[in-house]
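S.K.: If you're matching positions, the sequence shown starts at 20 in this note's numbering and goes up one per residue.
Quick one: this structure, given as structure tokens, is what I'll be asking you about.
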Amino acid sequence: MMETERILLRPWRESDAGALYKYASDPEVGMRAGWPPHQSVDESLDVIKTAFNNDTTWAIVLKATGEAIGAMGYMPEWEMDLPKRANEPLVGYWVGRPYWNRGICTEALRLMLGHIGQKGVYRSLIGSHYVDNPASGRVMEKCGFVPTGDIGFDEELPNGERKPMRVLRLESLL
Ligand SMILES: CC(C)(COP(=O)(O)OP(=O)(O)OC[C@H]1O[C@@H](n2cnc3c(N)ncnc32)[C@H](O)[C@@H]1OP(=O)(O)O)[C@@H](O)C(=O)NCCC(=O)NCCS
20 MMETERILLR
30 PWRESDAGAL
40 YKYASDPEVG
50 MRAGWPPHQS
60 VDESLDVIKT
70 AFNNDTTWAI
80 VLKATGEAIG
90 AMGYMPEWEM
100 DLPKRANEPL
110 VGYWVGRPYW
120 NRGICTEALR
130 LMLGHIGQKG
140 VYRSLIGSHY
150 VDNPASGRVM
160 EKCGFVPTGD
170 IGFDEELPNG
180 ERKPMRVLRL
190 ESLL
């Protein structure tokens, strides 16, 4: 577990399914990150049991309420059309819409970067965001990521669209 005064990063729990559905059913969240909005609490529970069931994905929990309000993580192995280096994880995150623009994602990413840095396994990290979602790029830039100048492409969105992505990298983790 990692924490600041305001938030915790901890593994997802099955009991977070209701909160996950509340925030991940909002199309404004998932569609900006490349996944379709959750359709039911059962679907959210399934995501907790599968996609979130690993040791590189955390719930962002607001200490004041104890509620999971977002997700923070990195993928050591991933496939996307981006200029990947060897042994370079991809970072990913989202925050529930009521909590946007309060610095929460930046705080959570900084926490995770501290954790990854301590592991001493990775030299750099890569991140990307849709060109029309600048807030995500801002989060990475505030944490030291620098745009590479590359434009990558995600897999098809649920609506069949393939949207361009701006690529950023955090150097010198070791
Ligand atoms: C992107 C996201 C995670 C940011 O979370 P957050 O907790 O609001 O982030 P922070 O408050 O730490 O930082 C947001 C920054 O973006 C800026 N921002 C917000 N909207 C913006 C816009 N339209 N254009 C440019 N910057 C914008 C904010 O001003 C802030 O920067 P500042 O501190 O320099 O003012 C959140 O909006 C989200 O979950 N979006 C949907 C899912 C998503 O996009 N995930 C990332 C996929 S790559």
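The beta-carbon is built from N, C-alpha and C at its ideal position, and this holds for glycine as well.
Tell me whether H148 counts as near ligand 1, meaning its Cβ is closer than 7 Å to at least one heavy atom of that ligand.
M.R.: By 1-based counting over the sequence shown, the position of residue 148 is 129. Indeed, a heavy atom of ligand 1 lies less than 7 Å from the Cβ.
S.K.: If distances are taken between C-alpha atoms only, which option among L144, E175, E190, N73 comes closest to R51?
M.R.: Along the sequence shown, read from residue 1 onward, the residue named residue 51 stands at position 32. Minimum Cα distance to R51 is reached at E175.
S.K.: If we ignore side chains and look at the alpha-carbon of each, how far apart do D35 and E98 end up?
M.R.: To locate residue 35, count along the sequence shown from 1; it is residue 16. To locate residue 98, count along the sequence shown from 1; it is residue 79. When rounded, the distance between both Cα atoms is 28 Å.
S.K.: Where does the unbroken alpha helix (DSSP H) through T167 begin, and where does it stop?
M.R.: Within the sequence shown, numbered from 1, the residue matching residue 167 stands at position 148. Careful: T167 lies outside any alpha helix (DSSP H), inside the beta strand (DSSP E) at 165–172.
S.K.: Tell me the residue span of the beta strand (DSSP E) that contains P183.
M.R.: Walking along the sequence shown from the start, residue 183 turns up at place 164. 183–189 is the span of the beta strand (DSSP E), which, as asked, contains P183.
S.K.: Starting from the Cα of Y93, find the closest Cα among T84, A87, N106, E86 and give me that residue.
M.R.: As a working note, residue 93 is residue 74 in the sequence shown. The candidate whose alpha carbon is nearest that of Y93 is N106.
S.K.: Exposed or buried, E126, counting other C-beta atoms within 10 Å across all chains shown (16 or more means buried)?
M.R.: Here residue 126 refers to the residue found at position 107 when the sequence shown is read from its first residue. By the 10 Å Cβ count, E126 comes out buried.
S.K.: Taking M43 as the reference, give the member of E180, L27, I67 with the closest Cα.
M.R.: Position 24 of the sequence shown, counting from 1, holds the residue named residue 43. Looking at the sequence shown, residue 43 is not Met but Ala. Among E180, L27, I67, the Cα nearest to that of A43 belongs to I67.
S.K.: With a CB to CB cut of under 7 Å and the five nearest residues on each side skipped, what residues in its chain are close to L3?
M.R.: Residue numbering for the chain in the displayed model covers 20 to 193; residue 3 lies beyond these limits and cannot be assessed.
S.K.: Taking only the alpha-carbon atoms, compute the straight-line gap between K161 and Y112 and give it to the nearest angstrom.
M.R.: For this step, residue 161 is matched to residue 142 along the sequence shown. For this step, residue 112 is matched to residue 93 along the sequence shown. The straight-line gap from Cα to Cα measures roughly 14 Å.
S.K.: Can you list, in chain order, the residues of its chain whose CB lies under 6 Å from that of I170, leaving out five sequence neighbours each side?
M.R.: The count along the sequence shown starts at 1 and reaches residue 170 at position 151. Only P183 meet the Cβ criterion.
S.K.: State the DSSP-derived secondary structure class of E62, mapped to helix, strand or coil.
M.R.: One-based indexing of the sequence shown puts residue 62 at position 43. Correct three-state label for E62: helix.
S.K.: I'd like to confirm the pairing. Which residues does DSSP put opposite E98 in its beta bridges?
M.R.: For the purposes of this step, residue 98 is taken as residue 79 along the sequence shown, with counting starting at 1. DSSP, once it has assigned bridges, lists no residue as partnering E98.
S.K.: So does K41 have its beta carbon nearer than 7 Å to some heavy atom of ligand 1?
M.R.: As a first step, residue 41 is located in the sequence shown; it is residue number 22 there, counting from the start. Incorrect: K41 has no Cβ contact closer than 7 Å to ligand 1.
S.K.: Is Y118 near ligand 1, in the sense that its beta carbon is under 7 Å from a heavy atom of that ligand?
M.R.: Within the sequence shown, the letter at position 99 stands for residue 118. Yes, Cβ of Y118 sits closer than 7 Å to a heavy atom of ligand 1.
S.K.: Going by the CB atoms, is the gap between A78 and R116 shorter than 8 Å?
M.R.: Counted from its first residue, the sequence shown places residue 116 at position 97. Counted from its first residue, the sequence shown places residue 78 at position 59. Cβ atoms of R116 and A78: not closer than 8 Å.
S.K.: With DSSP run on the structure shown, which of helix, strand or coil describes M20?
M.R.: Working through the sequence shown from its first residue, we reach residue 20 at position 1. Note: M20 maps to coil in three-state DSSP.
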